[in-house]
Each structure stands twice: as structure tokens, then as C-alpha cells.
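Residue numbers (my numbering): 8 to 65.
Reading through the C-alpha cells given below for one structure.
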């Protein structure tokens, strides 16, 4: 059984519209989101911004 979902977010671009849609569906099913920042080694990456940017989603 699944009780959580991984929310993979690009640390440069932030969450995309499809990420928001899929996350909303997962939350409707009672699943727990785990936010994971991706591409944090890029020059324009903002790893501290990723969790704050996703608060509006979850």
C-alpha cells in the first residue's frame, strides 16, 4: 500500500502546473507529500526556495 508521494521539484524552475495537479490529486486521496529538491547543483538553483514555493500546493 502507498501512504506517501514524492514531490520532485526542480530547484531552478520550481513546481510546474502538472506537479500541482498531480499533488492535488494525491492529497485528495489522503497521501502524505514528501518534497524533494532536484538539480540543486545548478548555478541558478535556489534549494531554500523549493520548500517555501511548495507550501501553496500542500
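The C-beta atom is built at its ideal place from N, Cα and C for all residues, glycine as well.
field: residue 16 burial status per 10 Å Cβ neighbour count (16 or more: buried)
entry: buried
field: residue 37 versus residue 10 - alpha carbon distance
entry: 8 angstroms
message: If I measure Cβ to Cβ from residue 52 and keep anything under 7 angstroms in the same chain, skipping five residues before and after, which residues do I get?
response: 18, 19 and 46
- prompt: For residue 33 versus residue 57, is the C-beta distance shorter than 9 angstroms?
  reply: no
field: Collapsed DSSP secondary structure at residue 15 in the structure displayed
entry: In this structure, residue 15 counts as strand in the three-state DSSP scheme.
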